[in-house]
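Notes to accompany the following structure.
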Amino acid sequence: MADYLANFTMSLHAAWMPHYLPMMACVVVLGFILMRTTRRALLFTVQMLVLLLFLVLGSAVAASVDAVDISQALNQLATLVLGMTLIRQGGLTIFRLVVPKLGLHPPRILEELLILLAYVAWILVRLSAGGLDLGSLVASTAVITAVLAFAMQDTLGNILAGLALQLDHSVHIGDWILLEDISGQVEQVQWRHTAIRTLFGELVLIPNSQLMKSRVMLTGGQSAPRRLRSVNFYGSMDLSPSLVIAEVQKALANADLPTVGRRESTECVVLDFTNGMVQYAVRYWLIDPKSPGSTDSLVRQHIHALFRRRGWRMAAPTQDVLLGRANLQPYQEFTQRVQLSSIDVVRSLPLFEPLTDDEVRQLAVGLRVVPYVAGSLITRQHDIGDCLYILLSGKVDVWLEDNGKRHALAVLEPLQIMGETSLLTGDPRSATLTARTDVECYVISQDDFQHTLRNRPELADSFAQLLTDRLQERMALREKMQQPQVIQQKAAILIRIRSLFSL
């Protein structure tokens, strides 16, 4: 047993090459350096070093039992494994750490290809060092190489196509592409395939050669940061197309649409006149390729809300016509419920306390409901106002605009009045109002007020007093102002009311 241990010790000493230790030290150092950029780099280093030790021990065991050929083969294999490990760690260090600091970002497939070529070169070097004639090896394997190349032409085509895709920077990681019926975001470009993640969460693997041969549309990402989309809608022939186009473009330009590009204005055009309808299209720049459907839906909501505010009728490509006697009772009952509700709303507001029940009822009949989608502009500061709003549902942000910047003033809740001063005095709007949520409002026009005030001119004094009180409350100056100043301010408001309504 002692002789065997002595023989094994001598064999282990002979199997351990002097160059192992410095090469192992380099591998360990590079493994620690790569921990920040490459996952499991240190684990790979430990695995390769353990494999090296097993090969060295195996070589020593084989030598101790006089299996010289096996011992030499294991020794050569250990050197080959250690060299390949050093090549990989050194290549990763160059491509992951050194090259990016130089401002270069080569494709990952190029990194893998160069490391593979270095592996092949190292194997040939070790075979040559082992006494193998490389010339005869190449000649003897030429036929085999040709057969393998023919059998693997598709695989080689995918590899070369993947390399070409990344070298010419035609497709980047993160780009959105459309290929036949597949649309999604590029997640990986591998040796054989490109991985596409669709909007439905599916991962589609497309052979690189197919990408090179097919027509690919880039729809988003670094290569195509924006995409023009079109949303169609239909309007009545009774409406002026120029008016519809102007109002739609204005509403969308003032709306908060975070996924729509602002560098070019949204365009509304007439596409066709068909079946007694006008077909329109809204064209906008989509900057978030993940939300084409939701952005189209949001644009349609703003258009629909605009039509309802203006009292316009939207058309449809097809419709059913039913002939028969109409039952008007459900519609009449609905109209009565709406009128009763509007009367209760008007009567509950302090601004309309001076009105009699008949005047409240007459004013409520003329009310109409206007909707706004979240993000819509309701009124803009300094615009001339000819109506007031009664907030029925939702929340409205009040902004003060100064030198192109907005400052938040308040958030209005349901059953609050907006724009009464502009309606009664003709003064420009004092603030900008935007819909924080989806909003519905009652609208009262100047024409409705004019009929009421002309029948009872003395109401102008009551409205002037109410506006004066509200103005003092907003400015928080009631206690600071002297009584003559309050009276003077009321008189000025009364003059503007009488002048506006020709009293």
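According to the working numbering, the stretch in the sequence shown is residues 301 to 803, in order.
Ideal Cβ placement from N, Cα and C applies to all residues, glycine included.
Check: Relative to the C-alpha of Val578, which residue among Pro322, Val544, Arg610 and Ala605 is closest?; Outcome: Val544
Check: Measure how close the beta-carbons of Pro617 and Asn575 come, nearest whole angstrom, since I'm counting them as under 8 angstroms.; Outcome: 7 angstroms
Check: Counting along the chain, where does the alpha helix (DSSP H) carrying Ala373 start and finish?; Outcome: Val368 to Thr393
Check: Output yes or no for whether 8 angstroms exceeds the beta carbon distance between Arg527 and Leu586.; Outcome: yes
Check: Measure how close the beta-carbons of Ile409 and Ile387 come, nearest whole angstrom, since I'm counting them as under 8 angstroms.; Outcome: 17 angstroms between Cβ atoms; not a contact.
Check: Suppose the cutoff is 6 angstroms on Cβ atoms and the five residues either side in sequence are ignored; what does the same chain contact list for Arg706 look like?; Outcome: Trp699
Check: Residues in the same chain with beta-carbon distance under 8 angstroms from Ser565, minus the five sequence neighbours each way, listed in chain order, please.; Outcome: Gln549 and Ala553
Check: Classify Val346 as buried or exposed, calling it buried when 16 or more other Cβ atoms lie within 10 Å of its own Cβ.; Outcome: exposed
Check: Which residue marks the beginning of the beta strand (DSSP E) containing Trp699, and which one marks its end?; Outcome: Val696 to Asp702
Check: Among Lys695, Leu724 and Asp702, whose alpha-carbon lies nearest the alpha-carbon of Ala735?; Outcome: Lys695
Check: For Asp748 versus Gly666, is the C-beta spacing smaller than 8 angstroms?; Outcome: yes
Check: If you draw a straight line from the C-alpha of Ser594 to the C-alpha of Leu424, how long is it?; Outcome: 58 angstroms
Check: Using CA atoms only, rank isn't needed, just tell me which of Arg515, Gly520, Ser483 and Ser523 is closest to Leu505.; Outcome: Ser483
Check: If we ignore side chains and look at the alpha-carbon of each, how far apart do Ser428 and Ala378 end up?; Outcome: 16 angstroms
Check: Check whether the Cβ atoms of Leu651 and Ile717 sit closer than 8 angstroms, and answer yes or no.; Outcome: yes
Check: Which residue comes first and which comes last in the alpha helix (DSSP H) that contains Val673?; Outcome: Where Val673 is concerned, there is no enclosing alpha helix (DSSP H), given that its DSSP letter is neither H nor E.
Check: What's the C-alpha gap between Ser730 and Ile643?; Outcome: 28 angstroms
Check: Find the nearest neighbour of Tyr320 within the set Leu349, His751 and Arg340, judged by alpha-carbon distance.; Outcome: Leu349
Check: Roughly how many angstroms separate the alpha carbons of Asp369 and Val327, rounded to a whole number?; Outcome: 28 angstroms
Check: Starting from the Cα of Gly535, find the closest Cα among Pro525, Ala664 and Glu547 and give me that residue.; Outcome: Glu547
Check: Quick one: what does DSSP say Gln662 is sitting in, helix, strand or coil?; Outcome: helix
Check: Could you compute how far the alpha carbon of Glu487 sits from the alpha carbon of Ala524?; Outcome: 16 angstroms
Check: Measure the C-alpha to C-alpha separation of Ser648 and Met537 and round it to an integer number of angstroms.; Outcome: 40 angstroms
Check: Pick helix, strand or coil for Asn532, following the three-state DSSP scheme.; Outcome: strand
Check: According to DSSP, which residues form a beta bridge with Arg340?; Outcome: DSSP lists no partner for Arg340.
Check: Can you tell me which of Ser509, Leu724, Asp475 and Asn375 puts its alpha carbon nearest to the alpha carbon of Pro318?; Outcome: Asn375
Check: To the nearest angstrom, how far is the alpha carbon of His682 from that of Glu701?; Outcome: 9 angstroms
Check: For the beta strand (DSSP E) that contains Met323, what are its first and last residues?; Outcome: From DSSP, Met323 is part of no beta strand (DSSP E) but of the alpha helix (DSSP H) over Tyr320 to Ile333.
Check: When the distance is taken between beta carbons, is Ala581 closer than 8 angstroms to Val599?; Outcome: no
Check: Val743 bridges to which residues according to DSSP?; Outcome: Arg668 and Tyr689
Check: Output the boundary residues of the beta strand (DSSP E) element that contains Leu571.; Outcome: Glu567 to Thr574
Check: Sort Ser722, Thr737 and Asn703 by Cα distance to Leu712 and report the nearest one.; Outcome: Thr737
Check: Taking the alpha carbon of Gly383 as the point to measure from, which residue in Val420, Leu357, Pro400 and Val399 has its own alpha carbon closest?; Outcome: Val420
Check: What is the DSSP secondary structure of His751, counted as helix, strand or coil?; Outcome: helix
Check: Alpha carbon to alpha carbon, how far is Ala314 from Ala360?; Outcome: 8 angstroms
Check: Let me know if Phe607 comes out buried or exposed under the rule of 16 or more other beta-carbons within 10 Å of its beta-carbon.; Outcome: buried
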